[in-house]
Every structure is written in C-alpha cells, then in structure tokens.
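K.L.:
Protein chains: 2
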Amino acid sequence: MSFSQFASPISSSSSAFYGSSNLNTRTERKMSTLGRSSRICKCVATPSEKTAYTTNVTRNANMAKLQAGYLFPEIARRRTAHMQKYPDAKVISLGIGDTTEPIPEVITSAMAMKATALSTLEGYSGYGAEQGEKRLRTAIASTYYHDLGIDESDIFVSDGAKCDISRLQFLFGSNVKIAVQDPSYPVYVDTGVIMGQTGLYQKDVEKYGNIQYMRCTPENGFFPDLSTVSRADVIFFCSPNNPTGSAATREQLTELVQFAKDNGSIIVYDSAYAMFISDDSPRSIFEIPGAKEVAIETSSFSKYAGFTGVRLGWTVVPKELLFSDGFPVAKDFNRIVCTCFNGASNIAQAGALACLSPEGFKAMQDMISFYKENAHIIMDTFTSLGFDVFGGKNAPYAWVHFPGRSSWEVFAEILEKSHLVTTPGSGFGPAGDGFIRVSAFCHRGNVLEASKRLKELYK
Amino acid sequence: MSFSQFASPISSSSSAFYGSSNLNTRTERKMSTLGRSSRICKCVATPSEKTAYTTNVTRNANMAKLQAGYLFPEIARRRTAHMQKYPDAKVISLGIGDTTEPIPEVITSAMAMKATALSTLEGYSGYGAEQGEKRLRTAIASTYYHDLGIDESDIFVSDGAKCDISRLQFLFGSNVKIAVQDPSYPVYVDTGVIMGQTGLYQKDVEKYGNIQYMRCTPENGFFPDLSTVSRADVIFFCSPNNPTGSAATREQLTELVQFAKDNGSIIVYDSAYAMFISDDSPRSIFEIPGAKEVAIETSSFSKYAGFTGVRLGWTVVPKELLFSDGFPVAKDFNRIVCTCFNGASNIAQAGALACLSPEGFKAMQDMISFYKENAHIIMDTFTSLGFDVFGGKNAPYAWVHFPGRSSWEVFAEILEKSHLVTTPGSGFGPAGDGFIRVSAFCHRGNVLEASKRLKELYK
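Top line first, the protein sequences correspond to chains A and B. Heads up, the first sequence is in the UniProt record's numbering, so the first residue is 1 and it goes up one at a time. Heads up, the second sequence is in the UniProt record's numbering, so the first residue is 1 and it goes up one at a time.
1. So for Arg78(A), helix, strand or coil by DSSP?
2. In the DSSP assignment, find the unbroken beta strand (DSSP E) run with Ala398(B) in it and report its ends.
3. Taking C-alpha atoms, which residue in Val57(A), Gly97(A), Ile96(A) and Arg137(A) lies nearest to Pro349(A)?
4. For Arg29(B), is the classification buried or exposed, using 16 other Cβ atoms within 10 angstroms of its Cβ as the cut-off for buried?
5. First and last residue of the beta strand (DSSP E) that includes Met214(B)?
6. How is Leu322(B) classed by DSSP in three states: helix, strand or coil?
7. According to DSSP, what are the bridge partners of Ser158(B)?
8. For the region 435 to 450 of chain B, which residues have a CB atom closer than 7 Å to at least one CB atom of chain A, in sequence order?
9. What number of angstroms, rounded off, separates the C-alpha of Asp270(B) from the C-alpha of Asp388(A)?
10. With 7 Å as the threshold, decide whether the Cβ of Glu251(B) is near any Cβ in chain A.
11. Hey, how far is the Cα of Gln252(A) from the Cα of Val257(B)?
12. In three-state DSSP terms, what is Ser369(B)?
13. For a quick check, are the C-beta atoms of Ala352(A) and Leu312(A) less than 7 Å apart?
14. Any beta carbon of chain B sitting closer than 7 Å to that of Ser345(A)?
15. What three-state label does DSSP hand Asp233(B) in the structure shown?
16. In this structure, how does DSSP classify Gly351(B) when only helix, strand and coil are distinguished?
17. So, with DSSP's three-state summary, where would you put Arg283(A)?
18. Count the other CB atoms, across all protein chains shown, that sit within 10 Å of the CB of Glu416(B); report buried if there are 16 or more and exposed otherwise.
19. Counting pairs of beta carbons, one from the region 371 to 378 of chain B and one from the region 417 to 426 of chain B, are three or more of them closer than 8 Å?
20. Using a Cβ-Cβ distance cut-off of 7 Å, determine whether Tyr371(A) contacts chain B.
21. Would you mind telling me which residues of chain A sit closer than 9 Å to Ala348(B), beta carbon to beta carbon, in chain order?
22. Does Glu219(A) come within less than 7 Å of chain B when only Cβ atoms are used?
23. Considering only the beta carbon of each residue, do Ile96(A) and Ala305(A) sit closer than 7 Å?
24. Report yes or no: is there a C-beta of chain B within less than 7 Å of the C-beta of Pro183(A)?
25. Tell me the residue span of the alpha helix (DSSP H) that contains Glu255(A).
26. Using a beta-carbon distance below 7 Å, is Pro328(A) in contact with chain B?
27. Can you round the beta-carbon distance between Asp332(A) and Met63(B) to whole angstroms, since I take them to be within the 8 Å contact cut?
28. Tell me, to the nearest whole angstrom, how far the beta carbon of Val337(B) is from that of Glu130(B); I am working on the premise that it is less than 8 Å.
29. Which one of Cys442(B), Lys362(B) and Ser406(B) has the shortest CA to CA distance from Gly434(B)?
30. To which residues of the same chain is Phe307(A) closer than 6 Å at the C-beta, ignoring the five residues directly before and after it?
31. Determine the extent of the alpha helix (DSSP H) in which Arg335(B) is found, giving its start and end residues.
32. So the candidates are Lys319(B), Lys162(B), Pro318(B) and Gly326(B); which of them puts its Cα closest to the Cα of Gly343(A)?
33. If you scan the region 388 to 448 of chain A from start to end, which runs of the beta strand (DSSP E) of 3 or more residues do you find wholly inside it?
34. Assign Arg26(B) to buried or exposed, taking buried as 16 or more other Cβ atoms, counted over all protein chains shown, within 10 Å of its Cβ.
35. Quick check on Glu130(B): does DSSP put it in helix, strand or coil?
36. Throw me the rounded Cβ distance for the Tyr53(A) and Glu293(B) pair, which I believe falls under 8 Å.
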C-alpha cells in the first residue's frame, strides 16, 4: 500500500513543500492541512471521533508528575499565540537562548567538506566510536583541560549537553537524591522527575518532593549557603549559571568541591557558558584541586559556535570518579553511551574539530564577544531604568529583578506591550520568581530596538 | 590555568593530528600516547596508583545487571586484538552492520549546501523543533506512510532508531514488562535492563528475569508461536529482523496486532530494514488495520542512505495510541523528546530531506539493491557449502546455521582462520546460538574475497 509510492515517493501534496521553502509557518500549516485531508483514508479517526480502544499499559507515573510543558516549548506556544493576535507586530525574541549569528565560515566549510567527502570512497565513514572521534576528543582535552589532568579518554563527545544530562540520569537511576541550584536550567529537575528520583510536585512551595533546591538569590550572591543544604547524591551545578548569569568564584567552587567530598556526592557541573567568563572565575570545575574525584562536567559548542542546530557537546567523566563500591563512573557512562547512543553526527564532529583549530577558536571568541556586547547593552538598558540587574558580565544572560511581581506577569506585560519575548524567572525554579531572564542571543539591531522599546515601556 | 591556553588552543601534541588525517588508527594511538605522556601533570593518577577516595553514591543496580559489554563494541575489541596478533592480515568485516558505500551526491550536496548556508544570515538556523523540521516530518509521512493515516504530527525525527529506543524506554519507565524476539537487536533488552524493567541475568538460561523471550527459529519460520507467549506491556518487534533477516508476512503481522490488541500491549515495531524487502511483506506495521491503536514504529536512514555516521532516524507515535487511562502516548513521548533531546542535527535533516526527493529516493534504492546483491553472493556461498542459510532476501543479513556449535566458537574460527569478522548469533539472544550473522554491508571486492576465503575454510 504505502510502498507502491516508493518509486515516486513525493505526492503532490508534499511536493509543494519542496518548492516553497520560504513559506512561513502559518502558510505551511494551512497547506499541510489541505494536503492531508485530500489524501486521508477512511480508517483515520478524525479529531471529533472518539477512539474507544485503550491499551492496558499503565502510563508511567513519573511522567504524570511533570508540570505543564517543558518551559521553552511553553514560551514558544505563547509567542505563537501572540503573533496570531498581533500578526503585524515585529516580535523580537530575547527568550529561549537561541543563537542568532551565522557560524564562521572556517567552521561551516569544514562541515561542508566532510559532507562532500562522504560521497567518496576515501572520505566515507559509517558508525564512528560512540564516544566520539579520537582526534576530536584529544582536541577538546587539550583545548579546555590542558594541564588539568583530563585526557582524551575522559571525554565523551555527544549531540549536546541536554542529551547528556538525560543520559547521566539514565546512568544514576531512580534511587539517587539530586540537588539543584534554584533557579537553574529546568532539564536537571525534569529528567530527575522522569527518572523517578523525586516525589510529587508540591503546589504550595512549587517544588518536587525529594529534590534539594539550593536557593541562589542576590542576598547570597547567587551561591547557595551550603551550611543549610543537606546531602544529595548528585549536585547539578551550572556556572556561569543559566538563568542568573552568575559565575561561581574559585573560592566558592573550592567550597562546593569540599562540600561534595564531605558528603560523598557527585557534582554534575554544566559549563556550557564557560567561554563567556570575563573575570578570573574558573572555566572548568577541574581547575579545583580534587574535583576529579567528585565531578562530571558537561559542555557544548551550542553557545560558543552557534551550534544550537548543528548539535555537538561533550561530557567529561574522570576515571578518578568512583561509586561507593569503587566502580568507576566512567565505565558505566561508557556503557550507557554505547547502548543508548550512536555517536554525534560525523559532520557536526568535523565542525567541532574546526572550532578548535586556531582560526576556529578565534572566530568563536569573536562571536562570544559580540554576544557579550549585546549583554552589555541589555544590562545598561535595565540599569538606566532603575532595575537591579545581575549576570551579563560572565554570561549571555541578564537577570532582571521585578520585586514583588510574578515572573509570568512581567513576561506577559513585556510581550503584550513591547512585543518582546523574555523568559519568566519562575520557569527556572521558585527562587526565580520576580525575575526575568533576558538573553543576549540576538542580532544587534534587535537588541537596540528592544532597548528602545523597554525604555519606552518602563520610562 | 587551562584557559590561558584559549588564545592559542592547539598544543604541539594535538596539532600533529590536524596534519595527519590519513593516519591509521594504530599510528594515531601511538602518537597520542606519546603526546599525552609529554604533557601529563603530576595530579593524574597513573593506572597503577590506587585512588583512595570513593563517593558515597551507590552504583545503579540495574547497570550492574548488564552482562559484559554491549555486543558490537565487544566484537570491535576482538577484531582489534586479532589485528594486533596478525598485523599483516587483510581483515574483512561482515560484522557490525556498518554501511560501506559512499552516500549519493544528491544527498551529500544538500548537506554541504546546508552547512555552507549556516554561515549566512538567511541560511542560519539555531534550535529547531525538537520533533524535527516540519517539511521533513511531512516528507517522511507522505513517502513512507501515504494512505496509512499517519500524518506529519505523528512523526518524531531523531538522531537514530537506537537513540529513540532508549527514549521510548525512558517514556515507559521501570514498571513495564517487555517482550522481545529471540534473537533480536540487543538494544531492546539492554535498555530495558538499564531502565530497571528486568530481573537479574540468569546464567543457566542466558536470559534476564521478567523479559518474555519470543523464540524465533527455523522451526517456526522465525515468527514466534504467540500461543505460548504470555502478556507483556511492550513488545519489541523488528521486521525484517536483525539478525535473522526474516520479514514477517502480512498474516503474521495481523496476528501480532491482534495479539497486542487482545492483551492491551504496545508494539514497538523496528522497521529500520523495511526498504530491503523484496516480496510483498508489509513495510510498515501501520499497513495492518488497527495497528495505530497498538503500535509505535521506529526507523532510520542509516541503512537506506549510509547515514550510520550522519545520524538521522524517526519514530511514529500515532495519536490513536493510548495508555490504559486514555492518555495519549504521543503526548508523553513529545514531552520526553522536548526534555531529553534537542532535535537532530539540522545538516543531517537537510540530508534526509534530500533522501526523500525523487532523485535521492532513487539513489537510496540503488544503494539498497547493491547491498542486496552482496547478500545474494553471501547466501550462495554458504548454500553451496551445504549450510542452511536464512534471511538475505528481504534484509542485508544472512543468518547461517552451524548446528551443535557455539556462535562465539564459530565466530572465533572464521576470524582466526579466514580473517573475517562476523557476528555471533548468541549475541542477539539465546535462540541465536548456533548461528552467525553475516552482514552484506561491504564493498563488492570484499564480499567476493570473503566468499573465496569461506569456500576455502569450509570446502
């Protein structure tokens, strides 16, 4: 039935898409609906039809614990609704932290060359090592961990830090207790919930049971008061932090490593923004003596080279890191990577290798400088309007305080009145309420326009 | 410390790799070892040094249940050992099912163009939809599921079927009971073990507790006797099967769907080899009426377009598929995909779209025909030597019977005497013992040479 289509696979309804790559989403949807209904067959249930049959498979109770949608798709939905309400508005996104600037040619040309080479006998390669190409692992080790006692065998190349976090949760299993900075990147908590590490969501405190939320606010300089934190097995720690933009100092990270050591905890250190650091804060947890015995580090080219769509990250699991029975964590992580993953795209890996060439590295640094200038403009804007603004210096995020107001209310106000998409701070944890995160990943013209609109809104 | 290296990131030891992309693995390893030892710092524990510190984090007991390494890395290790023993032997791999032929230019040129476009303002894109680009989802739906009532919103584009299987396990959680064909692709079982769905490994029967192994042998035509199979929540079913190469008929799949319906089970149907089918066996489970209420389908371009290294697959979760409480499975899978994944590489997606253009599709079919001719040569070889050989017709795998012998023993014999890497059937499940899987993913010259050596060995 369907395979009779194989010889001429593109039906008239779908071929329309090939000639219309510039259609906007709404037009595409309209066309797709038309195309679909014209080829629909009788056995398809239409939305109004009730399907009587249910399987006997019980829904995973952990999935049911999750609250609403994952933050960023939720924001995308609200943005889309806003655009439908104001079809002529020029909506500017300072929201989901998505890179906007083209990837430097030294990097894309390496990827194009790799793609082209895949059509040659000499250049073709199939399955690569699940852990990544040895040359790339070596280049990551020598670029980011030179002199830190991390070598290529400690590096696991991946399709991004987010994906590695879920693989790390698969590794840890359901019987660990996790701690997270509050606020922080929602993936740590959400994957923990899915894995079954947590209790139910407690609406009154806006927290899941059995997670240690380590409060990070202006009062404590966005570093948790560890004397109030009880032991967790796994401490997720992001520095420079997403969303607050704060980078932990060497003293603070030394304290964190000591805290982990005292408790026998494992730190999962997310350094995806490390290259944005301007001061002498550590770029890697492994700059702290003894960290290799208590820490994993995950990072990514997403924000360094505009690889949010290309997908390439890595995770460092030092061979010195051991479970309580002495079993090396890296051995289990290797098994996870080999069983649940098949390596990052070889083309993306070629791009990453080019990122670490002298020219590529310089190009990444220039791009980071560009985004930091954006951050500077955003910081200046809010400061000039009398707001307390944090972050921005060591990170592409400004963390703006609206004391006494709900984050979603501020988010809605800025979207409604200025057509600007930000991110509500409470989406990162209860301590984020009263804040919004403003992303510096934006074209310069849009940052300047956003600044103008904000000055109009909050004058 | 490490970041002082950022301005000039490539140390002399790693820069050697940039100028030596054609070095073979053994040479690379030697250079890397030299390079590493020259920059090693004092804080690194050498293998002989004991690290006293262990964390207090308990190793995930499910990880400890796993037996030895994942099959294919284990084979790679044995192959490497063999090459060290016989450095001058010309080892030919008919082993891990890795594609060998260059990707057609119509496909790689689309990827090169996408990569190049990422350096332009108009062509740059950051985060894509986690579910994949709408145009690609639409093209997959219309190419493979035309008239089957599957539309673009049912398709989740991914970085490969293996990765999707682990995400499906994350979705199902630890409280489901799974059934697998015995033998079958080891990832179903191994991810189930990691997820905590199973009991311990039982050495005597070579099975994990709490998994239904559905025996598939020549006696039952490689389709399980469902009257002997007790209920499972999730039935993993691969057709054409890896490793046996058998494709289930329409009658058999109708029986399977009815079995799932009677039990309220969910079928996870792996159709990664569907395009290899020569006869009128169904290419998709959704060709069977009612399957949308009981089945998920996962597939991939890996074996169709040589994308084993490029990484691009998809999973179909029909909106008609419901958990026992009526909750749509697709909604939970969407949440998993959004939380644990960030979309397939945009470059790989551009390649997949080209695969589904008329020229790309024709090129894929030609490549598949080439591999099927290889399979024919392999089948003929073993048949002429008097072996019982299965598969081959609808799949790129021949499944060769060595009655009364252990698979690993046969594997070792063929490797030792003929320098050919195959895959031991017992690696796919206990019912695979006594068989080896011979892959048709091979250059033609190598297949002919392998045929010659096998005729010498078993004459």
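Note that CB positions come from ideal geometry on N, CA and C, so glycine has one too.
P.N.:
Here's the rundown:
1. If you number the first sequence from 1, residue 78(A) lands on position 78. Helix.
2. Indexing the second sequence from 1 puts residue 398(B) at position 398. First-last of the beta strand (DSSP E) with Ala398(B): Tyr397 to His401.
3. Walking along the first sequence from the start, residue 349(A) turns up at place 349. Contrary to the premise, residue 349(A) reads as Gln rather than Pro in this sequence. Out of Val57(A), Gly97(A), Ile96(A) and Arg137(A), the CA that lies nearest to the CA of Gln349(A) is found in Arg137(A).
4. Here residue 29(B) is taken as the residue at index 29 of the second sequence, counted from 1. Its pLDDT being 34, under 50, Arg29(B) is placed unreliably by the model, and nothing is read from it.
5. As a working mapping, residue 214(B) is identified with position 214 in the second sequence. Looking at the DSSP string, the run of the beta strand (DSSP E) that includes Met214(B) is Ile211 to Arg215.
6. Start at 1 with the first residue of the second sequence, and residue 322(B) comes out as number 322. Strand at Leu322(B).
7. Here the question's residue 158(B) lines up with position 158 in the second sequence. Bridge partners of Ser158(B): Gly313(B).
8. Listed by position along the chain: nothing, the set is empty.
9. One-based indexing of the second sequence puts residue 270(B) at position 270. One-based indexing of the first sequence puts residue 388(A) at position 388. In a straight line, the C-alpha of Asp270(B) is about 54 Å away from that of Asp388(A).
10. Reading the second sequence from its first residue, position 251 is the one you call residue 251(B). Among the CB atoms of chain A, none fall inside 7 Å of the CB of Glu251(B).
11. Within the first sequence, the letter at position 252 stands for residue 252(A). Within the second sequence, the letter at position 257 stands for residue 257(B). Their backbone Cα atoms lie some 58 Å apart in a straight line.
12. Residue mapping note: residue 369(B) aligns to position 369 of the second sequence, counting from 1. Looking at Ser369(B) - three-state DSSP - the assignment turns out to be helix.
13. Numbered from its first residue, the first sequence carries residue 352(A) at position 352. Numbered from its first residue, the first sequence carries residue 312(A) at position 312. The answer is yes: Cβ separation under 7 Å.
14. The residue labelled residue 345(A) in the question sits at position 345 within the first sequence. Ser345(A) counts as touching chain B.
15. For this step, residue 233(B) is matched to residue 233 along the second sequence. Here Asp233(B) sits in coil by DSSP.
16. Counted from its first residue, the second sequence places residue 351(B) at position 351. For Gly351(B), the secondary structure class from DSSP, reduced to helix, strand or coil, is helix.
17. The residue you call residue 283(A) lines up with position 283 of the first sequence. Of the three classes helix, strand and coil, the one that applies to Arg283(A) here is coil, per DSSP.
18. Walking along the second sequence from the start, residue 416(B) turns up at place 416. Burial is judged here by how many other beta carbons sit within 10 angstroms of a residue's own beta carbon; Glu416(B) has fewer than 16 and is exposed.
19. Below 8 Å, too few C-beta pairs join the region 371 to 378 of chain B and the region 417 to 426 of chain B to call them touching: fewer than three.
20. The residue you call residue 371(A) lines up with position 371 of the first sequence. Using beta-carbon distances, Tyr371(A) does not count as an interface residue toward chain B, since no partner is under 7 Å.
21. Sequence index remark: in the second sequence, residue 348(B) carries index 348 (1-based). Listed along chain A, the residues sitting closer than 9 Å to Ala348(B) by beta-carbon distance are Arg311, Ser345, Ile347 and Ala348.
22. For the purposes of this step, residue 219(A) is taken as residue 219 along the first sequence, with counting starting at 1. Chain B contact via Cβ: absent.
23. Taking the first residue of the first sequence as 1, we reach residue 96(A) at position 96. Taking the first residue of the first sequence as 1, we reach residue 305(A) at position 305. Against a cut-off of 7 Å, the Cβ pair of Ala305(A) and Ile96(A) comes out as no contact.
24. Within the first sequence, the letter at position 183 stands for residue 183(A). It does not: the Cβ of Pro183(A) has no partner Cβ on chain B nearer than 7 Å.
25. Taking the first residue of the first sequence as position 1, residue 255(A) is located at position 255. For Glu255(A), the enclosing alpha helix (DSSP H) stretches over residues Arg250 to Asn263.
26. Here residue 328(A) is taken as the residue at index 328 of the first sequence, counted from 1. Under the 7 Å criterion on CB atoms, Pro328(A) is classed as non-interfacial with respect to chain B.
27. As a working mapping, residue 332(A) is identified with position 332 in the first sequence. As a working mapping, residue 63(B) is identified with position 63 in the second sequence. Taking C-beta atoms under 8 Å as the contact rule, Asp332(A) and Met63(B) qualify, at a distance of about 5 Å.
28. Indexing the second sequence from 1 puts residue 337(B) at position 337. Indexing the second sequence from 1 puts residue 130(B) at position 130. At roughly 5 Å, the Cβ-Cβ gap stays under 8 Å, so Val337(B) and Glu130(B) are in contact.
29. By one-based count along the second sequence, residue 434(B) stands at place 434. When each option's Cα is compared against that of Gly434(B), the closest is Ser406(B).
30. Numbered from 1 along the first sequence, position 307 holds the residue referred to as residue 307(A). Here the set comprises Phe301.
31. Stepping through the second sequence from its first residue, residue 335(B) is reached at position 335. Per DSSP, Arg335(B) belongs to the alpha helix (DSSP H) from Val329 to Cys340.
32. Here residue 343(A) refers to the residue found at position 343 when the first sequence is read from its first residue. Minimum Cα distance to Gly343(A) is reached at Lys162(B).
33. List check, beta strand (DSSP E) in window: 389 to 391, 397 to 401 and 435 to 439.
34. What you label residue 26(B) is simply residue 26 of the second sequence in a count that begins at 1. Model confidence at Arg26(B) stands at a pLDDT of 33, short of 50, so the residue's coordinates are unreliable and nothing is read from them.
35. As a working mapping, residue 130(B) is identified with position 130 in the second sequence. Collapsing the DSSP output to three states places Glu130(B) in coil.
36. Stepping through the first sequence from its first residue, residue 53(A) is reached at position 53. Stepping through the second sequence from its first residue, residue 293(B) is reached at position 293. Contact flag correct, Cβ pair sits at about 5 Å.
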